[in-house]
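The listed protein sequences derive, respectively, from chains A and B. Taking my numbering, the leading residue of the first sequence gets 1153, the next gets one more, and so forth. Taking my numbering, the leading residue of the second sequence gets 7, the next gets one more, and so forth. Ideal placement from N, C-alpha and C gives every residue a C-beta, glycine not left out. Please read all numbers here as calculations on a predicted model, not as lab measurements. Let me begin by presenting the structure, written as structure tokens, before commenting on it.
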Amino acid sequence: MLLSQEDLQAIWLTLKLASLVTVLLLIIATPIAWWLSQTHSPLKPFISAIVALPLVLPPTVLGFYLLLVMGPEGFIGQITNSLGLGLLPFTFAGLVFASLFYSLPFVVQPIQNAMLAMGKRPLEVAATLRASPIDQFFNVVLPLCKPGFISAAILGFAHTVGEFGVILMIGGNIPGETRVASVQIYDHVESLNYANAHALSLVLLVFSFIVLSAVYSLNRNIKPSIAGL
Amino acid sequence: MHVLRLITFNLLLSLCLPLHSETVTLAVASNFKHTALQLKKSFEETHTHRIRLVSASSGKLYAQILQKAPFDIFLSADQHKPQRLQQQGLIADKRRFTYAIGQLVLFSADKELDVKHCLMQGCYKKLALANAQHAPYGVAAEQTLKNLTLKKSTNKRLIRAENINQSLQFILSKNVELGFIAASQLKQIKPLPAPDSKNIWQVAESLYPPILQDAVLLKTAETNPAALALWDFLQSSAAQGIIKAASYHIPSADTGQ
């Protein structure tokens, strides 16, 4: 077995990070996507742009500014410090926080597209049948937009597993805390341990392939236009 | 008309190719890039050849050289990678020498902080150093902590930066109170810190193994006159003066050659 204890720890940490970020993002992104799909507010283009911004910035650049903002002299650093939470860089919580930014567009956009594709009609029908807004959301929106949510979860999870630049900038490479698989592979390459790098990359690749194929085959009937892919 | 065209063509051609000018591609470890730019300037002032500078971490450059990257000279941040290239027969015969010896310093962005005292007393929450797995300055820093018998008490507070540049980044953004960097990096900080201020501690060379940085001439560059000229220049006293001024040491056997 070419995987060391540290490699396994890095894989476990990566899965923990990606799962947590995916769950949190589904909760955060749903109201944003809903608002964006329904609103006629003049603010809409600006909010859409803010959501999409992490796509533009190179990850290491995004990571660098997160490091500054989350540091003791940064805006977020001062908030977390005054709340007694300490500073976010070099912590697992910091990685979660950064990943929420980094993967946000990948989760918002598929959900938003699914909601747009659903249109107003189903909700109007539900309203005439006296369904309350909460009832409408859980019994109409969620089932009809399920493919969009699944796509969003897959993309959010996959994108976080593959996250590297941001974590390299703010993580500090602490085993079991911030040393995720991508950073561990990078370390192997930098220290010329190519065999270890190959082994870990292969495990990550095979695992991701299995997970993605499983999800896609469970949802074979997803219409691509609704799925937002 | 024809003659005129021919003359114009020749004139344009000669503009493109200055007399005996060749290009040498110099691959440098990122921590030496700053100094390499000064070497490039000095070299190009005295030679007609031109230098194309490429910089990345030594590990990446090493991997690229294995994959036949078009580099002529490689200035590594360590001795290990040039040695491995030599063993693999990629280096021109006997074309390896130590061009610089790195100096380790402990530094804080807080001007009032006595860094040596703080390190010994453990008055900090986080201490940055380069990752010893692949960065030679990281090896030196770890060894220093070990020799000062601080290894155990610091271990949980160590932040391992990708390289010394990131170590400095963590220090300057005050995400860590202090950290180990290279003396040469102090020259890049604005405003320039005074070398004797208490937030800088020049770590005694007896506390860590020397950080030997080796240069190699790749086998594929043996026929490139620009590469050979640069190779000689790197060992000249002019080049050594620039390297010393950038806070590196030069192997004593090589000085005054």
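Backbone CA spacing between residue i and residue j [nearest angstrom]
i, j, result
"B/K47", "B/N171", "23 Å"
"B/Q70", "B/F80", "11 Å"
"A/Y1346", "B/K66", "12 Å"
"A/T1212", "B/T155", "35 Å"
"B/S159", "A/G1238", "21 Å"
"B/L91", "A/N1348", "20 Å"
"A/I1199", "B/A221", "52 Å"
"A/K1272", "A/Q1190", "9 Å"
"A/I1286", "A/M1321", "41 Å"
"A/F1253", "B/N181", "20 Å"
"A/H1340", "A/F1301", "36 Å"
"A/L1381", "A/A1201", "Confidence at A/L1381 is low in this model, with a pLDDT of 44, below 50, so its placement is unreliable and the value that follows should be read with caution. In a straight line, the C-alpha of A/L1381 is about 19 Å away from that of A/A1201."
"B/P257", "A/L1220", "39 Å"
"A/A1162", "A/V1203", "29 Å"
"A/V1367", "A/E1225", "43 Å"
"B/S4", "B/A244", "The displayed coordinates of chain B run from 7 to 263. Any statement about residue 4 of chain B would go beyond what the structure contains."
"A/L1281", "A/W1186", "21 Å"
"A/L1364", "A/A1283", "36 Å"
"A/L1294", "B/N137", "47 Å"
"A/A1181", "A/L1188", "10 Å"
Pick from the options that is closest to residue i, judged by C-alpha positions
i, options, result
"A/V1208", "A/M1270, A/Y1338, A/P1299 and A/P1257", "A/P1257"
"B/C124", "B/K204, B/A252 and B/R58", "B/K204"
"B/Q89", "B/Q246, B/L218 and B/P257", "B/L218"
"A/K1196", "A/F1216, A/E1158, A/E1225 and A/Q1264", "A/Q1264"
"A/A1250", "A/I1163, A/V1173, A/G1236 and A/F1198", "A/V1173"
"B/P201", "B/K117, B/G108 and B/A235", "B/K117"
"B/L59", "B/K39, B/Q92, B/A75 and B/Q73", "B/K39"
"A/F1290", "A/S1303, A/P1274, A/Q1157 and A/A1305", "A/P1274"
"B/K196", "B/V121, B/T104 and B/L178", "B/L178"
"A/S1334", "A/V1260, A/A1278 and A/E1315", "A/E1315"
"B/K250", "B/A106, B/N37 and B/E211", "B/A106"
"B/A210", "B/A147, B/W237, B/L224 and B/A252", "B/A147"
"B/T104", "B/Q85, B/L135, B/Y68 and B/P199", "B/Q85"
"A/L1344", "B/K87, B/L119, B/P216 and B/H255", "B/K87"
"B/S253", "B/A188, B/P199, B/P215 and B/P216", "B/A188"
Exposure label - residue i; buried when at least 16 CB within 10 Å
i, result
"B/M126", "exposed"
"B/N319", "In the structure displayed, chain B extends from 7 to 263; residue 319 of chain B sits before or after that span and is not available."
"B/R271", "This structure cannot speak to residue 271 of chain B, because chain B is shown only from 7 to 263."
"B/K132", "buried"
"B/G262", "Caution is warranted here: a pLDDT of 40 is assigned to B/G262, below 50, making its placement in the model unreliable, and the coordinate value is therefore given only provisionally. Classification of B/G262: exposed, given that the 10 Å Cβ count is below 16."
"A/I1362", "exposed"
"B/K74", "exposed"
"B/Q194", "exposed"
"B/Q191", "buried"
"B/S82", "buried"
"B/R101", "buried"
"B/K152", "exposed"
"A/H1192", "exposed"
"B/N230", "buried"
"B/S273", "Past the edges of chain B, shown from 7 to 263, lies residue 273 of chain B, and the structure says nothing about it."
"B/N161", "exposed"
Contact check, residue i vs residue j, beta carbons under 9 Å
i, j, result
"B/T31", "B/D78", "yes"
"B/Q208", "B/V111", "yes"
"B/L213", "B/Q139", "no"
"A/L1247", "A/V1175", "no"
"B/Y266", "B/E50", "The structure shown has nothing for residue 266 of chain B, since chain B only spans 7 to 263."
"B/T52", "B/F239", "yes"
"A/P1299", "A/N1371", "yes"
"A/V1355", "A/L1155", "yes"
"B/I248", "B/Q44", "yes"
"B/I206", "B/V121", "yes"
"B/L72", "B/K225", "no"
"A/A1278", "A/C1297", "no"
Other residues of its chain near residue i: CB distance less than 7 Å, five sequence neighbours each side excluded
i, result
"A/V1313", "T1166, A1170 and S1360"
"B/E228", "A98"
"B/S36", "S61, A62, S63, N169 and N171"
"A/P1206", "L1214, F1253, Y1254, L1256 and P1257"
"B/K157", "L151"
"A/P1327", "E1158 and Q1161"
"A/A1305", "T1174 and L1178"
Cut-off 6 Å between Cβ atoms - residues of its own chain near residue i, not counting five sequence neighbours on either side
i, result
"B/R163", "K132 and L133"
"A/G1317", "P1211, T1212 and G1215"
"B/A141", "N169"
Neighbourhood of residue i by C-beta, 8 Å cutoff - its chain only, sequence neighbours within 5 removed
i, result
"A/G1104", "Chain A is shown from 1153 up to 1381; residue 1104 of chain A falls before or after that span and cannot be answered."
"B/T29", "H55, R56, I57, R58 and A232"
"A/S1353", "I1337"
"A/P1183", "none"
"B/Q94", "L72"
"A/Q1288", "L1275, A1278 and A1279"
Cutoff 9 Å: residue i Cβ touching any chain D Cβ
i, result
"B/K132", "In the structure shown, chain D cannot be found, because the protein chains are A and B."
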